[in-house]
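Below is one structure, written out as structure tokens; comments come after it.
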Amino acid sequence: MTIRHNWTTTPISADILRGALDLEQTERGVLPHRLPAQARRQITDGQLAMAESQPSGVRLAFRTRATAVELDVVATKRVYVGAPPRPDGVYELLVDGRLVDRASASEGDTFTIDMSAGTAETRPGPMETLRFTGLPDGEKDVEIWLPHDETTLLVALRTDAPVDSPRPSGRPVWLHHGSSISHGSNATTPTGTWPALAAASGGAELINMGFGGGALLDPFTARAMRDTPADLLSVKIGINIVNADLMRLRAFGPAVHGFLDTLRDGHPTAPLLVISPICCPLHENTPGPLAPDFRAMSEGRVGFTATGDPAEVAAGKLTLTVIRDELARIVGERAATDPHLHHLDGLDLYGADDHAELPLPDGLHPDPATHRRIAERFARHAFGRGGPFAPQER
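184 is the number that this note's numbering gives to position 147 of the sequence shown; each next residue is one higher, with no gaps.
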């Protein structure tokens with residue numbers, strides 16, 4: 038039997054969207070961004086432009102009595118020449134904080150990237166309608182988490198009962214910046230990234246500014262964080278700077294100071310946690326740059342290789358070991374006059390013993406089980422009793 042619904046269409050606006058810093062109105066729909074327009078105007082890096090448009094941590098949030106929801110989307114499917122096909126992004130619907138359904142868009146725009154040639158091109162594709170039915174009766178809070186790694190145009194939201202903006206949650210807003218590991222690479226669902234899992238465990242509202250390949254101490258990212266209302270802040274620094282062979286030790290320290298100074302301009306007394314890199318044997322003692330492992334790709338696997346020379350560390354090239362020591366030194370010095378500044382060694386989240394048990398599948402990114410482990414350890418450290426994000430510290 039076909040069930041007919043009396044649909045209510047609700048405009049997609051900032052009132053019902055969480056985790057995005059800007060909404061771009063396009064001819065085809067609304068595009069959530071995780072960097073504001075001013076920052077995007079300063080981006081010349083295609084990788085960062087792509088990453089910030091992927092809605093990690095972004096979710097529609099509303100209150101309704103609806104038992105059926107439809108969401109029209111245009112997803113962007115990434116295709117890497119020579120690499121295995123990527124799985125479709127996942128949309129997760131939560132009711133009162135509990136997962137009740139998942140969906141995916143199988144079609145959409147296609148973005149083809151040829152890493153060996155350094156080229157990329159986009160082919161437009163169709164819109165797709167996602168349907169969530171059988172939701173519980175009665176008034177409830179609904180969230181639809183967008184795919185963390187798939188750029189998504191939001192075209193229309195329909196429900197079989199009116200929608201209201203969500204009630205204030207009373208939870209602290211946690212603003213986090215990091216690399217692809219924070220973005221959610223190799224996680225299979227948007228609520229399965231380690232920041233999303235840690236936020237759920239710690240009772241925080243997440244704004245995830247984890248950008249694949251884009252945690253590079255960019256001043257425009259610092260300014261965006263400075264200007265974003267938040268109660269709790271964290272920055273995870275290191276892996277992308279080594280991957281890109283972006284700077285030497287002489288530049289790294291002042292760049293970290295400048296980034297933290299900018300954050301403090303907007304959040305002078307908020308708890309601020311600086312996190313050093315997790316274990317990554319590729320770059321523990323070998324500098325960048327990082328390169329794709331084309332041999333692995335020819336075998337149908339994704340992999341990476343470090344191409345730097347460890348002998349160059351003496352001349353100032355950066356490795357993860359060097360960066361951990363430097364971050365510990367910087368935070369230790371600054372904490373003497375900033376009692377709300379804290380440090381977390383990334384090896385306490387995922388160290389050598391963890392790598393032996395749960396190795397990084399591509400040599401760089403954690404798998405879903407490792408995302409969970411990192412989240413559990415982070416939540417205990419940051420949100421647990423006596424931690425920098427614990428209620429008594431706010």
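Glycine included, each C-beta is placed from N, C-alpha and C at the ideal position.
Check this for me: beta carbons of L401 and L319, under 8 Å apart or not? Taking the first residue of the sequence shown as 1, we reach residue 401 at position 364. Taking the first residue of the sequence shown as 1, we reach residue 319 at position 282. Yes, they are a contact pair.
In terms of residue numbering, what span does the beta strand (DSSP E) encompassing I150 cover? Here the question's residue 150 lines up with position 113 in the sequence shown. Where I150 is concerned, the enclosing beta strand (DSSP E) stretches over G145 to D151.
Between which two residues does the beta strand (DSSP E) carrying P232 extend? Within the sequence shown, residue 232 is the residue found at index 195, counting from 1. Taken as a continuous stretch (DSSP letters only), P232 belongs to no beta strand (DSSP E), being part of the alpha helix (DSSP H) at W231 to G239.
Going by the DSSP bridge assignment, what does M246 pair with across the sheet? Indexing the sequence shown from 1 puts residue 246 at position 209. Bridge partners of M246: H214.
For L381, count neighbouring C-beta atoms within 10 Å of its own C-beta (all shown protein chains included) and say buried if the count is 16 or more, exposed if not. Counting from 1 along the sequence shown, the entry for residue 381 is found at position 344. The residue is buried, with at least 16 neighbouring Cβ atoms inside 10 Å.
Through-space distance from S202 to R422, alpha-carbon basis: Reading the sequence shown from its first residue, position 385 is the one you call residue 422. Reading the sequence shown from its first residue, position 165 is the one you call residue 202. So the alpha carbons of these two residues sit roughly 33 Å apart.
Tell me which residue opens and which closes the beta strand (DSSP E) that R139 is part of. Residue mapping note: residue 139 aligns to position 102 of the sequence shown, counting from 1. Element bounds for R139: R135 to A140.
Hey, would you say D385 sits closer than 8 Å to R338, going by beta carbons? Stepping through the sequence shown from its first residue, residue 385 is reached at position 348. Stepping through the sequence shown from its first residue, residue 338 is reached at position 301. Contact: no.
When the Cα atoms are used, what is the spatial distance from P121 to G383? Residue mapping note: residue 121 aligns to position 84 of the sequence shown, counting from 1. Residue mapping note: residue 383 aligns to position 346 of the sequence shown, counting from 1. Approximately 30 Å, taken between the alpha carbons.
Put I367 into one of helix, strand or coil per three-state DSSP. Along the sequence shown, read from residue 1 onward, the residue named residue 367 stands at position 330. Three-state DSSP puts I367 in a helix.
Could you work out which residue in L243, T225, A235 and V293 is closest to A252 when comparing CA atoms only? Position 215 of the sequence shown, counted from the first residue, corresponds to residue 252. Per the Cα distances, V293.
So G303 and D264 are supposed to be a Cβ contact under 8 Å. How far apart are they, rounded? The residue given as residue 303 occupies position 266 in the sequence shown. The residue given as residue 264 occupies position 227 in the sequence shown. Going by Cβ atoms, the distance from G303 to D264 rounds to 6 Å, so yes, they are a contact pair.
If you draw a straight line from the alpha carbon of E107 to that of P227, how long is it in whole angstroms? Within the sequence shown, residue 107 is the residue found at index 70, counting from 1. Within the sequence shown, residue 227 is the residue found at index 190, counting from 1. The alpha-carbon atoms of E107 and P227 are separated by roughly 19 Å.
Counted within 10 angstroms of its Cβ, other Cβ atoms place R361 as buried (16 or more) or exposed: Translated into positions along the sequence shown, residue 361 becomes position 324. Buried: at least 16 other Cβ atoms inside 10 Å.
Alpha-carbon to alpha-carbon, M246 and R115: As a first step, residue 115 must be located in the sequence shown, where it is residue number 78. As a first step, residue 246 must be located in the sequence shown, where it is residue number 209. The straight-line gap from Cα to Cα measures roughly 20 Å.
Kindly indicate which three-state DSSP category A427 falls into: helix, strand or coil? The sequence position of residue 427 within the sequence shown is 390, counting from 1. If DSSP states are grouped into helix, strand and coil, A427 belongs with coil.
What whole-angstrom Cβ distance do F248 and L54 have, given they're in contact under 8 Å? The residue you call residue 248 lines up with position 211 of the sequence shown. The residue you call residue 54 lines up with position 17 of the sequence shown. So it is not a contact: roughly 19 Å between Cβ atoms.
Counting C-beta neighbours from all protein chains within 10 Å, is the total for L327 16 or more, i.e. buried, or is it exposed? By one-based count along the sequence shown, residue 327 stands at place 290. Label assigned to L327: buried.
Contact check, N322 vs T344 under 8 Å by CB: the rounded distance? For the purposes of this step, residue 322 is identified with residue 285 of the sequence shown, where counting begins at 1. For the purposes of this step, residue 344 is identified with residue 307 of the sequence shown, where counting begins at 1. Contact flag wrong, Cβ pair sits at about 14 Å.
Measuring alpha carbon to alpha carbon, tell me which of P173, E242 and G119 ends up nearest H153. In the sequence shown, the residue the question calls residue 153 occupies position 116. It should be noted that the sequence gives Ser, not His, for residue 153. The shortest Cα separation from S153 among P173, E242 and G119 belongs to G119.
By Cβ distance below 6 Å, which residues in the same chain neighbour R195 in space, the five residues on each side in sequence not counted? Residue 195 sits at position 158 when you count from the first residue of the sequence shown. Take R195, set aside five residues on each side of it, and the residues of its chain with a beta-carbon closer than 6 Å to its own are W44, T46 and E107, in chain order.
A157 to Y117 span [Cα, whole Å]: Taking the first residue of the sequence shown as 1, we reach residue 157 at position 120. Taking the first residue of the sequence shown as 1, we reach residue 117 at position 80. Near 9 Å, if we compare the C-alpha coordinates of Y117 and A157.
Out of H392, D197, A419 and G239, which one is the CA nearest neighbour of A406? The residue labelled residue 406 in the question sits at position 369 within the sequence shown. Looking at the Cα atoms, H392 is the closest of the given residues.
Distance, Cα to Cα, E363 vs A351? Translated into positions along the sequence shown, residue 363 becomes position 326. Translated into positions along the sequence shown, residue 351 becomes position 314. Spanning the two alpha carbons is a distance of roughly 14 Å.
Buried versus exposed, by CB contacts within 10 Å (16 or more), E64: Taking the sequence shown and counting its residues from 1, the one referred to as residue 64 is at position 27. The residue in question, E64, is exposed, as its Cβ has fewer than 16 Cβ neighbours within 10 Å.
Where does V118 sit, in a helix, a strand or coil, going by DSSP? Mapped onto the sequence shown, residue 118 falls at position 81. Correct three-state label for V118: coil.
Could you pull out every residue in the same chain whose Cβ sits closer than 6 Å to the Cβ of G340, ignoring the five residues on either side in sequence? For the purposes of this step, residue 340 is identified with residue 303 of the sequence shown, where counting begins at 1. Here the set comprises D330, A333, D399 and G400.
Is the stretch 163–175 touching the stretch 92–108, taking contact as three or more C-beta pairs under 8 Å? Output reads yes: the stretch 92–108 touches the stretch 163–175.
Reference V67; option with closest CA among A98, V110 and Q75: Residue 67 sits at position 30 when you count from the first residue of the sequence shown. Residue V110 is the option with its Cα nearest to V67.
A267 vs E187 beta-carbon contact at 8 Å: For this step, residue 267 is matched to residue 230 along the sequence shown. For this step, residue 187 is matched to residue 150 along the sequence shown. Contact flag unset, no.
Best match in L297, L190 and V132 for proximity to I181 [C-alpha to C-alpha]: For the purposes of this step, residue 181 is identified with residue 144 of the sequence shown, where counting begins at 1. Among L297, L190 and V132, the Cα nearest to that of I181 is on V132.
For P92 and L183, which I take to be in contact (beta-carbon distance under 8 Å), what is that distance rounded to the nearest angstrom? Working through the sequence shown from its first residue, we reach residue 92 at position 55. Working through the sequence shown from its first residue, we reach residue 183 at position 146. Between L183 and P92 the Cβ distance is about 4 Å, and since that is below 8 Å, they are a contact.
Please classify E394 as buried or exposed, where buried requires at least 16 neighbouring CB atoms within 10 angstroms. One-based indexing of the sequence shown puts residue 394 at position 357. Its Cβ having fewer than 16 others within 10 Å, E394 is exposed.
Quick check on the burial criterion: 16 or more other C-beta atoms within 10 angstroms. Buried or exposed for A74? Numbered from its first residue, the sequence shown carries residue 74 at position 37. So A74 ends up on the exposed side.
What are the uninterrupted segments assigned as beta strand (DSSP E) that are 3 or more residues long and contained completely in the stretch 302–375, given in chain order? 309–312, 327–329 and 341–343
Which term fits A373, buried or exposed, when burial requires 16 or more other beta carbons within 10 angstroms of its beta carbon? Position 336 of the sequence shown, counted from the first residue, corresponds to residue 373. Label assigned to A373: exposed.
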